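Here's the structure we're looking at; comments come further down.
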Amino acid sequence: MYNIAVIPGDGTGPEVVREGLKVLEAAAARTGFKYQTQDFDFGGDRFLRTGETLPDGAIDELRKFDAILLGAIGHPDVKPGILERGILLRARFELDQYINLRPVKLYPGVWTPLKDKGPDEINFTVIRENTEGAYVGMGGSFKKGTPDEVAIQEDVNTRKGVERCIRFAFEYTKAHSKNNTLLLCAKTNVLTYAHDLWERCFHEVGAADYPDTKLDYAHVDATCMWMVKNPEWFDIIVTPNMFGDIITDLGAMIQGGMGIAAGGNLNPEGVSMFEPIGGSAPKYTNMGVINPLAAICSVQMLLEHLKESKAAKIVDEAVAWATSEKMKSMSAGKMGYSTSQVGDLIADKVASA
Ligand code: IPM
Ligand code: MN
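Residue numbers (the numbering used here): -2 to 350.
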């Protein structure tokens, strides 16, 4: 029996999570695993009501679950940064979810802005470090608001944090790479302290424990260039937090948009959290037009994580069927179906798989 925490969150989060749970239920019935869910109302509405982002004890409570499914965080009436830092980043940090796993996979039938590229060319994975870098929030301002203002934001890279991410990436490469190659994406020519640590660690771990794995390297700017020009060059990419954030939005666009991009915040030794990588899309809230596939693909990743491989495979195939045979577009309002109809399509397909 799996215990799954559900944080629907803000905006369109609750709508897409509902469809994700519909598919989870169908997958459980089809393959025979048991689970129960518990809802948490963390998000903008709760913050506006109580002034609280995550209440005391929330993190300890979340720690007890087998997995977490998150919809979206971000509310138009709350100043940007408060909910992101107070809920999303805090959960990632305090639950020590040190990997952000983001597949960039173009499903069949999905439109990509890249001419002459299809599912064979756009299929790689970004492993983003998820607990360090500029995201730690260290730094400060001096003489703020004056012409002499100084603002410092520290980019924190620890040997332990870098190494555990790189080790995860090597293991992931061993299990999933097409040609046993791991690419480090960084900026060693400019970030000569931080990314020197990344590069040394990458080569040391590779030489010591993964002698058969091929090591590759690309600067982050070149990575952006090749993601557009030759996405087929990529397989498994490991990268620091901020670069991972940026290149996975580019990745989301080439795989068909925020409507279908999913990710997992993983603590391989603890509790992991799965979420659509897009935001709360306030302008589409409660219109029944938002694409739930990113949430459904998050459930697919959650199933993979729980080692319910058969269920994960069935959901993946149902998504591919819907994108190739049914849906007109991945964009909100243009799918040819409502949000809940897309959920029904996938759930029915899973049930009859
Ligand atoms: C993401 C988001 C977050 C991040 C924001 C909302 C803090 O953009 O999950 O990629 O930068 O990590
Ligand atoms: Mn992002």
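Every residue, glycine too, gets a C-beta built ideally from N, C-alpha and C.
Note that the coordinates shown come from a computational prediction; the quantities given were computed from them, not determined experimentally.
Item, Value
"Taking DSSP as the reference, what is the three-state secondary structure of D38?", "coil"
"Any heavy atom of ligand 2 closer than 7 Å to the CB of D7?", "no"
"Once DSSP output is grouped into helix, strand and coil, what is the label at P5?", "strand"
"Based on DSSP bridge pairs, tell me the residues matched to I65.", "A2 and M270"
"Within the present structure, is the beta-carbon of D367 separated from the nearest heavy atom of ligand 1 by less than 7 Å?", "This structure cannot speak to residue 367, because the chain is shown only from -2 to 350."
"Would you mind listing the beta strand (DSSP E) stretches within the stretch 90 to 171 that are 3+ residues and don't spill past its ends, in chain order?", "96 to 102, 120 to 126, 136 to 139 and 147 to 150"
"Examine the Cβ distances between the stretch 292 to 305 and the stretch 155 to 169 and report whether three or more of them are shorter than 8 Å.", "no"
"Can you tell me whether DSSP reads T185 as helix, strand or coil?", "coil"
"Check for me: the alpha helix (DSSP H) holding V439 runs from which residue to which?", "No statement about residue 439 is possible, as the shown extent of the chain runs from -2 to 350 and does not include it."
"Return the chain-ordered list of same chain residues with a C-beta closer than 7 Å to the C-beta of I149, the five sequence neighbours on each side being excluded.", "G136 and G137"
"Quick test of your reading: G8 and T282, contact by CB under 8 Å. State the CB separation rounded to the nearest angstrom.", "5 Å"
"Following a CB-centred definition, is D242 positioned closer than 7 Å to any heavy atom of ligand 2?", "yes"
"So, using beta-carbon positions, are V13 and T34 closer together than 8 Å?", "no"
"For F199, which residues in the same chain have their Cβ closer than 6 Å to its Cβ, ignoring the five residues on either side in sequence?", "I163 and L181"
"Give the DSSP-derived three-state secondary structure of L212 in the structure shown.", "strand"
"Measuring CB to CB, does L66 end up less than 8 Å from L299?", "yes"
"For K184, would you say it is in contact with chain D, using Cβ-to-Cβ distances shorter than 8 Å as the test?", "No chain D is present in this structure, which holds just one protein chain."
"Where does I79 sit, in a helix, a strand or coil, going by DSSP?", "helix"
"Rounded to a whole number of angstroms, what is the C-alpha to C-alpha distance between S269 and K226?", "33 Å"
"Mark P208 as exposed unless 16 or more other C-beta atoms lie within 10 angstroms of its C-beta, in which case mark it buried.", "exposed"
"Do the stretch 233 to 247 and the stretch 33 to 52 make contact, defined as three or more Cβ pairs closer than 8 Å?", "no"
"Put T236 into one of helix, strand or coil per three-state DSSP.", "strand"
"Among T236, L194, D232 and A55, whose alpha-carbon lies nearest the alpha-carbon of A172?", "D232"
"Would a C-beta distance cut-off of 8 Å place I1 and D63 closer than the cut-off?", "yes"
"Starting from G340, trace the alpha helix (DSSP H) in both directions and tell me its first and last residue.", "T336 to A348"
"Where does Q297 sit, in a helix, a strand or coil, going by DSSP?", "helix"
"What does the Cβ neighbour count give for N176, buried or exposed, with the cut at 16 atoms within 10 Å?", "exposed"
"Going by the CB atoms, is the gap between T122 and P100 shorter than 8 Å?", "yes"
"Taking only three categories from DSSP, how would you classify A259?", "strand"
"Per DSSP, which one or two residues make a beta bridge with T178?", "K211"
"Keeping to the same chain, check which residues put their C-beta closer than 7 Å to that of G17; ignore five residues upstream and five downstream.", "L66, P289, A292, I293, S295 and V296"
"Are the CB atoms of I70 and G6 nearer to each other than 8 Å?", "yes"
"Starting from the Cα of L333, find the closest Cα among D345, A344 and T320 and give me that residue.", "Reading the sequence as shown, one finds Gly at residue 333 and not Leu. Taking only the C-alpha atoms, the option nearest G333 is T320."
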